[in-house]
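Okay, so here's the structure we're looking at.
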Amino acid sequence: MKIAVIHDWLVTYGGAEKVLEQILTIFPEADLFSLIDFVENEERGFIKEKIAKTTFVQSLPLAKSKYRNYLPLFPIAIKQHKLMKYDIVISSSHCVAKNVSISSGQLHICYCYTPARYAWDLESQYLSESGIHGIKKIFVEYYLKKFRLWDREGSKDVDYFVACSNYISERIRNAYDKNSYTIYPNVSVNDFQLFEDKHNYFVTCSRAVPYKKIDLIVSAFSNMPDKRLIVIGDGPDFTKLQTIKTPNITLMGHQPFNVLKDTIQKARAFVFAAEEDFGIAPVEAMACGTPVIAYGKGGLLETVVNKKTGIFFYEQTADALSKAVLEFEQTQLLPPAAIREHALQFSSERFRKEFSEFVAQCWSKHCALKSEPEVE
Numbered sequence: 001m002k003i004a005v006i007h008d009w010l011v012t013y014g015g016a017e018k019v020l021e022q023i024l025t026i027f028p029e030a031d032l033f034s035l036i037d038f039v040e041n042e043e044r045g046f047i048k049e050k051i052a053k054t055t056f057v058q059s060l061p062l063a064k065s066k067y068r069n070y071l072p073l074f075p076i077a078i079k080q081h082k083l084m085k086y087d088i089v090i091s092s093s094h095c096v097a098k099n100v101s102i103s104s105g106q107l108h109i110c111y112c113y114t115p116a117r118y119a120w121d122l123e124s125q126y127l128s129e130s131g132i133h134g135i136k137k138i139f140v141e142y143y144l145k146k147f148r149l150w151d152r153e154g155s156k157d158v159d160y161f162v163a164c165s166n167y168i169s170e171r172i173r174n175a176y177d178k179n180s181y182t183i184y185p186n187v188s189v190n191d192f193q194l195f196e197d198k199h200n201y202f203v204t205c206s207r208a209v210p211y212k213k214i215d216l217i218v219s220a221f222s223n224m225p226d227k228r229l230i231v232i233g234d235g236p237d238f239t240k241l242q243t244i245k246t247p248n249i250t251l252m253g254h255q256p257f258n259v260l261k262d263t264i265q266k267a268r269a270f271v272f273a274a275e276e277d278f279g280i281a282p283v284e285a286m287a288c289g290t291p292v293i294a295y296g297k298g299g300l301l302e303t304v305v306n307k308k309t310g311i312f313f314y315e316q317t318a319d320a321l322s323k324a325v326l327e328f329e330q331t332q333l334l335p336p337a338a339i340r341e342h343a344l345q346f347s348s349e350r351f352r353k354e355f356s357e358f359v360a361q362c363w364s365k366h367c368a369l370k371s372e373p374e375v376e
């Protein structure tokens, strides 16, 4: 079998790239494709030192930092890849990788993190947070409508969708009218160790961008001066956080992994207010035996067990979070060792086993269909 793996873009080592790493571990001989590849030489271990075959977007001005500005060109660029010589195409996609051109004799499996949020169900939020208005807004809305039509049509060439959560499976069904199979992404649970002697503080860790709702968390704890909060991470909203924080809140900014891990391990609870497709950080916290206080929507409903490994709140407001913190303090959750045991089901080893078995089953079905005699 000749296998091609295609990923949207290679710029940093995030959650999608951690899944890509495991796919390439399963299929080390696969050829790698992407719109762009700007991974530094010393950081290419996660893609097995492969050099991805890229598109013309790679050579466009400021593509390394401003590649998202070239979104209108992505549909043209992704078709530049010619993968007809491969038996299996595996797309790792949250944007356009799944829309690559294939032939009828090939097997195409897409691991889908989400249909492009800004083009589908979060278009209004994207436009609002981006400050797009006037003539530019009309143009963007028109383009996103055209993108949805193209994206939906391209999804027809995917033989099997794999969703990162049941939540995303439903979004795939709504966007593409196609069923999918859920395989939860891998979490590096073994990089986090159980710590049972919890200290008297809460923690959140995230890039400070609007949809992560870090400002909501800071606002809630500003109204609870007797409760200490540590915030790890920086980003566009960091200055805003500095203006609303109170003395009981510590903004640590970006921190190296060893500091992040130590802080999460010792916390009373990990606080999370975003609506996520899956949510890796809360699982990492639970791998430390640290319970989670989280917004009860999206993928976290599948990873956090309410009143056992954490507490949910159901409105993205400071008041709802404050009430959840009080409920947390009055609820007997599972002990840290049991919380960690729950998190271990999301390991990398589990992902490799499930995904490799799924691909093998799909290939077997594909070969069986190809061998069936044609009906005259």
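Counting from 1, one number per residue, gives the positions in the sequence shown under UniProt numbering.
Ideal placement from N, C-alpha and C gives every residue a C-beta, glycine not left out.
Please report how far the alpha carbon of residue 237 lies from the alpha carbon of residue 2, in whole angstroms. 45 Å
Would you please verify whether the beta carbon of residue 111 is less than 8 Å from any beta carbon of chain B? No chain B is present in this structure, which holds just one protein chain.
Give me the Cβ distance between residue 10 and residue 34, rounded to the nearest whole Å; I'm assuming they're in contact under 8 Å. 5 Å
Let me know if residue 135 comes out buried or exposed under the rule of 16 or more other beta-carbons within 10 Å of its beta-carbon. exposed
Closest by C-alpha distance to residue 267, when choosing among 328, 316 and 195: 195
Could you pull the DSSP bridge partners for residue 14 from this structure? In the DSSP output, where bridge partners are listed per residue, residue 14 has none listed.
For the structure I just gave you, are there three or more beta carbon pairs, one from the region 48 to 56 and one from the region 73 to 86, closer than 8 Å? yes
Terminal residues of the beta strand (DSSP E) in which residue 252 lies: 249 to 253
Limits of the unbroken beta strand (DSSP E) element including residue 91: 88 to 93
In whole angstroms, what separates the C-alpha of residue 193 from that of residue 186? 17 Å
What does the alpha-carbon distance come out to for the pair residue 160 and residue 86? 16 Å
Return the residue from the list 371, 320, 204 and 241 that minimises the CA-CA distance to residue 280. 204
Out of 263, 67, 168 and 101, state which residue places its alpha-carbon closest to the alpha-carbon of residue 117. 168
When the Cα of residue 212 is compared with those of 28, 326, 272 and 32, which residue comes out closest? 272
Which parts of the region 149 to 199 are runs of the beta strand (DSSP E), unbroken and 3 residues or longer, counting only runs that do not cross its ends? 160 to 163 and 180 to 182
Quick one: what's residue 306 bridged to in DSSP? 310
Taking 7 Å as the limit between beta carbons, can you name the residues of its chain near residue 209, skipping five residues before and five after? 235, 236 and 237
Does the Cβ-Cβ distance between residue 83 and residue 4 come in under 8 Å? yes
Coarse secondary structure for residue 215, derived from DSSP in three states: helix
Since residue 367 sits in a beta bridge, which residues does DSSP pair it with? Paired residue(s): none; residue 367 is not in a bridge.
Need the endpoints of the alpha helix (DSSP H) that residue 263 sits in, please. 257 to 266
Specify the secondary structure class of residue 47 as computed by DSSP and reduced to three states. helix
Evaluate the contact criterion for the region 255 to 264 versus the region 355 to 362: three or more CB pairs, one atom per stretch, below 8 Å. no
Taking the straight line between their C-alpha atoms, what separation do you get for residue 285 and residue 310? 11 Å
Look at residue 229 and residue 201 and say whether their C-beta atoms are less than 8 Å apart. yes
Are residue 312 and residue 323 touching if we call contact CB-CB under 8 Å? no
Taking Cβ positions, are residue 108 and residue 157 nearer each other than 8 Å? yes
Identity of the residue in 26, 39, 354 and 163 nearest residue 179 by Cα: 163
Going by beta carbon distance, what residues of the same chain come within less than 6 Å of residue 148, once the five residues before and after it are set aside? 119
In this structure, how does DSSP classify residue 203 when only helix, strand and coil are distinguished? strand
Over what stretch of residues does the beta strand (DSSP E) that includes residue 62 continue unbroken? Where residue 62 is concerned, there is no enclosing beta strand (DSSP E), given that its DSSP letter is neither H nor E.
Per DSSP, cross-strand counterpart(s) of residue 53: 33
Cα-Cα separation between residue 181 and residue 93, rounded to whole angstroms: 15 Å
May I ask which residues mark the beginning and end of the beta strand (DSSP E) holding residue 5? 3 to 7
Alpha carbon to alpha carbon, what distance is there between residue 166 and residue 88? 25 Å
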